[in-house]
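Since the structure comes first, as structure tokens, the remarks are kept for the end.
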Amino acid sequence: MTVENEETTMTDDGSISLTRRSLLVASCICMGCAISGPLLAGVPMVRSESPEFYRLMVGDYEVTVLSDGKSPLAATKLLQGNPSIIADALNNNFLGDPVDTSHNSFLVNTGDRLVLIDAGAGSLLGPHTGRLSGNLRAAGYRPEQVDEVYLTHMHADHIGGLMSGSQPTFSNAMIRADRRDTDYWLSEENMRNAPAAARRFFEAAAASLSPYMKTDRLKTFDGLTDLVPGIRARPAYGHTPGSHDVRGGKPGREASAVG
Ligand SMILES: [Zn+2]
13 MTVENEETTM
23 TDDGSISLTR
33 RSLLVASCIC
43 MGCAISGPLL
53 AGVPMVRSES
63 PEFYRLMVGD
73 YEVTVLSDGK
83 SPLAATKLLQ
93 GNPSIIADAL
103 NNNFLGDPVD
113 TSHNSFLVNT
123 GDRLVLIDAG
133 AGSLLGPHTG
143 RLSGNLRAAG
153 YRPEQVDEVY
163 LTHMHADHIG
173 GLMSGSQPTF
183 SNAMIRADRR
193 DTDYWLSEEN
203 MRNAPAAARR
213 FFEAAAASLS
223 PYMKTDRLKT
233 FDGLTDLVPG
243 IRARPAYGHT
253 PGSHDVRGGK
263 PGREASAVG
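Printed below as a string of structure tokens:
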């Protein structure tokens, strides 16, 4: 069999032969290399990462997964077992040590409400995170359009993105969290009694939530709760006093966001 187009011919043995016209073009390109003259100006490299989001439909809801970044963590902290077996497993899956661990949030457009599940780490975990707002904008939305933010729990990597510097990131949003977490993490007494190494978690919670509390935009719930029609908080206490997952969709087509 022979496949031909205007410029190339592919023969049975898979080799490609150039036609006279394509040879002429090729020779012109080579001559161009040899002729000295003004060069086209170089364009500065952009050097920024590409936006990271993924969109899917869950029932009637549009869900956009937004990356806040990736933190490198030692594999030995994440996985337990024989180190050489762990190293082989990582190697076989094109991974190294440390492993990049993803921080993702979920933006749900129900049609009449825009809901964000978890707010990312913001500036609390160093230079590897804090990309949530940029990726939200790249995905076609703006932070001020978010109606509600649900916090699966109040660890730093889920609340830090509530603030952008000294300003609330989500200027029109109501923040929702289980009262067991707000009672625990926003307690000054708990902060005073915490070991020194843990105190920064309480400070982070206060700094991230206080501006919203001052404008009555922190609303707690208690256990199993319908947050908006079709989206429900389900207790999964243990990781923190008030940790829960968020489930939404419609029967037969549901998804859970687990913090
Ligand atoms: Zn956590």
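Residue numbers (this note's numbering): 13 to 271. Every residue gets a Cβ at the ideal spot worked out from N, C-alpha and C, and that includes glycine.
How many Å lie between Asp234 and Pro155 at the Cα?
Position 222 of the sequence shown, counted from the first residue, corresponds to residue 234. Position 143 of the sequence shown, counted from the first residue, corresponds to residue 155. When rounded, the distance between both Cα atoms is 26 angstroms.
May I have all residues whose beta carbon comes closer than 6 angstroms to any heavy atom of ligand 1, sorted in chain order?
So the residues near ligand 1 by this Cβ test are His165, His167, His251.
Going by the beta-carbon positions, is the gap between Leu119 and Leu174 smaller than 8 angstroms?
Translated into the one-based positions of the sequence shown, residue 119 becomes position 107. Translated into the one-based positions of the sequence shown, residue 174 becomes position 162. No. Outside cutoff.
Taking DSSP's pairing of strands, which residues face Leu239 in a bridge?
The count along the sequence shown starts at 1 and reaches residue 239 at position 227. Per DSSP, none; premise fails for Leu239.
What's the gap between the Cα of Gly54 and the Cα of Ile98?
For the purposes of this step, residue 54 is identified with residue 42 of the sequence shown, where counting begins at 1. For the purposes of this step, residue 98 is identified with residue 86 of the sequence shown, where counting begins at 1. Those two C-alpha atoms are separated by around 45 angstroms.
Would you mind sorting Leu90 into buried or exposed? The rule is 16 or more other CB atoms within 10 Å of its CB.
In the sequence shown, the residue the question calls residue 90 occupies position 78. With fewer than 16 other Cβ atoms within 10 Å, it is exposed.
Can you list, in chain order, the residues of its chain with a C-beta nearer than 6 angstroms to that of Pro223? Leave out the 5 residues immediately preceding and following it.
Working through the sequence shown from its first residue, we reach residue 223 at position 211. For Pro223, where only same-chain residues beyond five positions count, the Cβ hits under 6 angstroms are Pro180.
For Pro247, which option in Gly264, Val240, Gly271 has the closest C-alpha, if you only look at C-alpha atoms?
The residue given as residue 247 occupies position 235 in the sequence shown. Nearest of Gly264, Val240, Gly271 to Pro247, Cα basis: Gly271.
Is the region 184-192 touching the region 133-147 in the sense that three or more CB pairs, one from each, lie closer than 8 angstroms?
Output reads no: the region 184-192 does not touch the region 133-147.
What do you get for Leu148, buried or exposed, if any count of 16 or more other CB atoms within 10 angstroms of its CB means buried?
As a first step, residue 148 must be located in the sequence shown, where it is residue number 136. With 16 or more Cβ atoms within 10 Å of its Cβ, Leu148 is classed as buried.
Between which two residues does the alpha helix (DSSP H) harbouring Leu90 extend?
Stepping through the sequence shown from its first residue, residue 90 is reached at position 78. From DSSP, the alpha helix (DSSP H) with Leu90 extends over 87-90.
Pair every Cβ in the region 155-171 with every Cβ in the region 236-247, then say whether three or more of these pairs are closer than 8 angstroms.
Verdict: yes, contact present.
Can you round the beta-carbon distance between Leu85 and Val127 to whole angstroms, since I take them to be within the 8 angstroms contact cut?
Start at 1 with the first residue of the sequence shown, and residue 85 comes out as number 73. Start at 1 with the first residue of the sequence shown, and residue 127 comes out as number 115. Actually they do not touch by this definition, with Cβ atoms about 29 angstroms apart.
Note down, one range per segment and in chain order, each beta strand (DSSP E) of at least 3 residues found wholly within the region 88-171.
Those beta strand (DSSP E) runs which fall completely within the region 88-171 and span 3+ residues are 111-121, 126-129, 160-162.
Per DSSP, which residues does Asp257 bridge with? Please list them.
The residue you call residue 257 lines up with position 245 of the sequence shown. According to DSSP, which records beta bridges pairwise, Asp257 is partnered with Arg246, Val270.
Let me know if Asp228 comes out buried or exposed under the rule of 16 or more other beta-carbons within 10 Å of its beta-carbon.
What you label residue 228 is simply residue 216 of the sequence shown in a count that begins at 1. The residue is exposed, with fewer than 16 neighbouring Cβ atoms inside 10 Å.
Which residues in the same chain have their Cβ closer than 6 angstroms to the Cβ of Ala267, if we skip the five residues on either side of it in sequence?
Counting from 1 along the sequence shown, the entry for residue 267 is found at position 255. So the qualifying residues of the chain are Val70, Gly261.
Which residues mark the beginning and the end of the alpha helix (DSSP H) in which Ala219 is found?
Position 207 of the sequence shown, counted from the start, is the residue given in the question as residue 219. Where Ala219 is concerned, the enclosing alpha helix (DSSP H) stretches over 211-226.
Based on Cα-Cα distance, which residue from Arg265, Val258, Phe65 lies nearest to Tyr153?
Within the sequence shown, the letter at position 141 stands for residue 153. The shortest Cα separation from Tyr153 among Arg265, Val258, Phe65 belongs to Phe65.
Identify, in the order they occur along the chain, each residue of the same chain with its Cβ nearer than 7 angstroms to the Cβ of Arg8, setting aside the five sequence neighbours on each side.
Because the chain here runs from 13 to 271, residue 8 falls outside it and cannot be looked at.
Give the range of the alpha helix (DSSP H) segment to which Thr194 is assigned.
The residue labelled residue 194 in the question sits at position 182 within the sequence shown. From DSSP, the alpha helix (DSSP H) with Thr194 extends over 191-197.
Which residue wins for smallest C-alpha separation from Thr113, given the options Gly132, Gln157, Ala216?
Your numbering for residue 113 matches position 101 in the sequence shown. Comparing Cα positions, the closest option is Gly132.
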